[in-house]
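> Mind having a look at this structure? Questions to follow.
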Amino acid sequence: YTQLDVIEVARIFTGWSIQRPQQGGNFEFHDWAHDTGEKQVLGIRFDGGHGQDEGVRLLKLLANLPATMHHVSWKLCQRFVNDDPPDGCVDDAVAAWKRSKGDIREVLRAIVSGPDFWAARNVRAKVKTPLEFVVSALRAVGADPDTTARLAQVVARLGEPLYLHVAPDGYPEMEAAWVNSGALLDRMNAGVALAAGKLPGVNPTTDSAVGALATPDELIAVVDREILGGTMSGNTKQVIKRQLADIGDPQQARALAIGLALGGPEFQRQ
Numbered sequence: 004y005t006q007l008d009v010i011e012v013a014r015i016f017t018g019w020s021i022q023r024p025q026q027g028g029n030f031e032f033h034d035w036a037h038d039t040g041e042k043q044v045l046g047i048r049f050d051g052g053h054g055q056d057e058g059v060r061l062l063k064l065l066a067n068l069p070a071t072m073h074h075v076s077w078k079l080c081q082r083f084v085n086d087d088p089p090d091g092c093v094d095d096a097v098a099a100w101k102r103s104k105g106d107i108r109e110v111l112r113a114i115v116s117g118p119d120f121w122a123a124r125n126v127r128a129k130v131k132t133p134l135e136f137v138v139s140a141l142r143a144v145g146a147d148p149d150t151t152a153r154l155a156q157v158v159a160r161l162g163e164p165l166y167l168h169v170a171p172d173g174y175p176e177m178e179a180a181w182v183n184s185g186a187l188l189d190r191m192n193a194g195v196a197l198a199a200g201k202l203p204g205v206n207p208t209t210d211s212a213v214g215a216l217a218t219p220d221e222l223i224a225v226v227d228r229e230i231l232g233g234t235m236s237g238n239t240k241q242v243i244k245r246q247l248a249d250i251g252d253p254q255q256a257r258a259l260a261i262g263l264a265l266g267g268p269e270f271q272r273q
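Just so we're aligned, residue 4 is where the sequence shown starts under my numbering, counting upward by one.
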C-alpha cells in the first residue's frame, strides 16, 4: 500500500467514534463528521455519498487480503506461542481463517489445538509483560486490590504505562523489550513489596496457603507448590534458602520467600 492509501482509509473512517466514558464508551457514528467524497483504496473505488457502510466494506476487503491473513495470524502465533512464531502455527491459522471466512475464534482454536502450541520448545517460552506480571502476582498471593489507579501506577513503573504506548502498534511481544537487569530488579522489588503487604492498594491474603512453616526447606516447598506450581528450579531454591538463613521471624521469612519466588526467573514466564 502507499501513503495515499493510508490517507484514503483515514477519510473512510471519519465519523467513527466512541461515546464518552460516562455514556458507556460504545461505538457511535457521526454523520456530520464523515467525509462523503469519493475514495480509492488499493485500486478499489469507493463511490461518494456513503456513510458508515463504506467503513464496514473496507474492513471486509482488508480481512480477505492474503497479506492480512498472514500478518494477523503471525501476530497471534507470536502472542500465544513464541516470540519467533513457527511456520506451521502461522500456516494452520491462515488455513482456519480461509475456512471460516475470518472467524477469529476458529483461528485461535487452530492455534491452541495445533502441535506447535504444545511443543516443548514453546511451553512457557514467553516472558510476561509488566501487566501480566502484576496480575499473575496478585492471583498467586490471593490479593484483593482496590479500585484506585495505584495498581496501574505499579504497572507503569515496571515499564508498561497502560494506553500510553507512543507508537500505534501496541506494546511489543518480544522478550528483549521486557528483560534487562533493571526491569528484573524492579519486578523483584515489586514481588517482595507485594508479599510483605507494602504494595499500595493491595491486601495480600496468603496465610491460608503459605503459613509460617518451621524450616526454610518446608517453606520453600510450599511456596514452590502454591506460587509456582512445582516449577521452581534447584538454583532458585538455593538462592531463596540462603536469603532465609538469617531470618528469625517466621512471618518475615514467609513474606521474603514468596516475594523472591514472585521475582524469580520461573515466575516471569507465561
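Backbone N, C-alpha and C define an ideal beta-carbon position, used for all residues, glycine too. This structure is a prediction, so every number in the text was calculated from the model and none was measured.
Looking at the structure shown, is residue 104 part of a helix, part of a strand, or coil, going by DSSP?
The residue you call residue 104 lines up with position 101 of the sequence shown. It is coil, neither helix nor strand.
> Report yes or no: do three or more beta-carbon pairs, one from the segment 133-140 and one from the segment 92-111, lie closer than 8 Å?
Segments in contact, no.
> Quick check on the DSSP output: the beta strand (DSSP E) that includes residue 44 runs from which residue to which?
Counted from its first residue, the sequence shown places residue 44 at position 41. Run containing residue 44: 42-44, per the beta strand (DSSP E) assignment.
> In the structure shown, what three-state DSSP assignment does residue 48 receive?
The sequence position of residue 48 within the sequence shown is 45, counting from 1. Residue 48 falls in the strand class under three-state DSSP.
> Flag this pair as yes or no: are the beta carbons of residue 197 and residue 265 separated by less than 9 Å?
Within the sequence shown, the letter at position 194 stands for residue 197. Within the sequence shown, the letter at position 262 stands for residue 265. In contact: residue 197 and residue 265 (Cβ atoms closer than 9 Å).
> What is the rounded straight-line gap between the Cα of residue 88 and the Cα of residue 108?
As a working mapping, residue 88 is identified with position 85 in the sequence shown. As a working mapping, residue 108 is identified with position 105 in the sequence shown. The straight-line gap from Cα to Cα measures roughly 19 Å.
> Sorted by chain position, which residues of the same chain lie with C-beta nearer than 7 Å to residue 52's C-beta, five sequence neighbours on each side aside?
Locating residue 52 in the sequence shown gives position 49, where the first residue counts as 1. Cβ within range, chain order: 39.
> Taking the straight line between their C-alpha atoms, what separation do you get for residue 65 and residue 189?
For the purposes of this step, residue 65 is identified with residue 62 of the sequence shown, where counting begins at 1. For the purposes of this step, residue 189 is identified with residue 186 of the sequence shown, where counting begins at 1. One C-alpha to the other measures close to 41 Å.
> Taking CB distances under 9 Å as the criterion, tell me whether residue 21 reaches chain D.
Annotation note: the requested chain D is absent from the structure, which comprises a single protein chain.
> Quick check: the segment 118-135 against the segment 82-98, are at least 3 beta-carbon pairs closer than 8 Å?
With the cut-off at 8 Å, the segment 82-98 and the segment 118-135 touch.
> Using three-state DSSP, classify residue 125 as helix, strand or coil.
The count along the sequence shown starts at 1 and reaches residue 125 at position 122. The answer is helix: DSSP assigns residue 125 an H, G or I state.
> Does the beta-carbon of residue 181 have 16 or more other beta-carbons within 10 angstroms, so that it is buried, or is it exposed?
Here residue 181 is taken as the residue at index 178 of the sequence shown, counted from 1. Looking at its Cβ environment, which holds 16 or more other Cβ atoms inside 10 Å, residue 181 is buried.
> Taking only the alpha-carbon atoms, compute the straight-line gap between residue 229 and residue 201 and give it to the nearest angstrom.
Position 226 of the sequence shown, counted from the first residue, corresponds to residue 229. Position 198 of the sequence shown, counted from the first residue, corresponds to residue 201. The straight-line gap from Cα to Cα measures roughly 21 Å.
> Around the Cβ of residue 177, are there at least 16 other Cβ atoms within 10 angstroms (buried) or fewer (exposed)?
By 1-based counting over the sequence shown, the position of residue 177 is 174. Exposed: under 16 other Cβ atoms inside 10 Å.
> Taking the runs of the alpha helix (DSSP H) that are 4 residues or longer, which of them lie wholly in the segment 148-232?
Qualifying alpha helix (DSSP H) stretches, in chain order: 153-160, 184-198 and 219-231.
> Determine whether the beta carbon atoms of residue 205 and residue 258 lie at a separation below 9 Å.
The residue you call residue 205 lines up with position 202 of the sequence shown. The residue you call residue 258 lines up with position 255 of the sequence shown. Not closer than 9 Å, so no.
> Cutting at 7 Å between CB atoms, please list the residues of its own chain near residue 45, excluding the five before and the five after it.
Working through the sequence shown from its first residue, we reach residue 45 at position 42. So the qualifying residues of the chain are 4 and 8.
> Enumerate in chain order the residues of its own chain whose CB-to-CB distance from residue 36 is below 7 Å, with the five nearest sequence positions on each side excluded.
For this step, residue 36 is matched to residue 33 along the sequence shown. Excluding sequence neighbours, residue 36 sits near 17 and 18.
> Given 8 Å as the limit, is there contact between the segment 221-238 and the segment 161-171, that is, 3 or more CB pairs closer than that?
Cβ pair count under 8 Å is below three, so no.
> Beta-carbon separation of residue 169 and residue 133 under 9 Å?
Against the sequence shown, residue 169 aligns to sequence position 166. Against the sequence shown, residue 133 aligns to sequence position 130. No, these two residues do not count as a Cβ contact at 9 Å.
> Using a threshold of 9 Å, state whether the C-beta atoms of residue 110 and residue 100 are closer than that.
Locating residue 110 in the sequence shown gives position 107, counting from the first residue. Locating residue 100 in the sequence shown gives position 97, counting from the first residue. Going by C-beta atoms, residue 110 is nearer than 9 Å to residue 100.
> Are residue 235 and residue 267 closer than 9 Å when you measure CB to CB?
In the sequence shown, residue 235 corresponds to position 232, counting from 1. In the sequence shown, residue 267 corresponds to position 264, counting from 1. Taking 9 Å as the Cβ cut-off, residue 235 and residue 267 qualify as a contacting pair.
> Does residue 221 pass the burial test, meaning 16 or more other C-beta atoms within 10 Å, or should it be called exposed?
Here residue 221 refers to the residue found at position 218 when the sequence shown is read from its first residue. Residue 221 comes out exposed.
> Going along the chain, which residues of its own chain have a beta-carbon closer than 8 Å to the beta-carbon of residue 79, five neighbours each way excluded?
Here residue 79 is taken as the residue at index 76 of the sequence shown, counted from 1. The answer, listed in chain order, is 96, 110, 111 and 114.
> Helix, strand or coil: how does DSSP classify residue 236 here?
The residue given as residue 236 occupies position 233 in the sequence shown. Residue state, collapsed to three classes: coil.
> Using C-beta distances below 6 Å, list every residue in its chain close to residue 147, excluding the 5 sequence neighbours before and after it, in chain order.
Residue numbering aside, residue 147 sits at position 144 when the sequence shown is read from its first letter. Result list for residue 147: 206, in chain order.
> Identify whether residue 82 lies in helix, strand or coil by the three-state DSSP scheme.
As a first step, residue 82 is located in the sequence shown; it is residue number 79 there, counting from the start. Residue 82 falls in the helix class under three-state DSSP.
> Taking the straight line between their C-alpha atoms, what separation do you get for residue 238 and residue 93?
Translated into the one-based positions of the sequence shown, residue 238 becomes position 235. Translated into the one-based positions of the sequence shown, residue 93 becomes position 90. Looking at the two C-alpha atoms, the distance is approximately 36 Å.
> Between residue 156 and residue 203, is the Cβ-Cβ spacing less than 9 Å?
On the sequence shown, position 153 is the one that residue 156 refers to. On the sequence shown, position 200 is the one that residue 203 refers to. Yes, Cβ-Cβ distance for residue 156 and residue 203 is below 9 Å.
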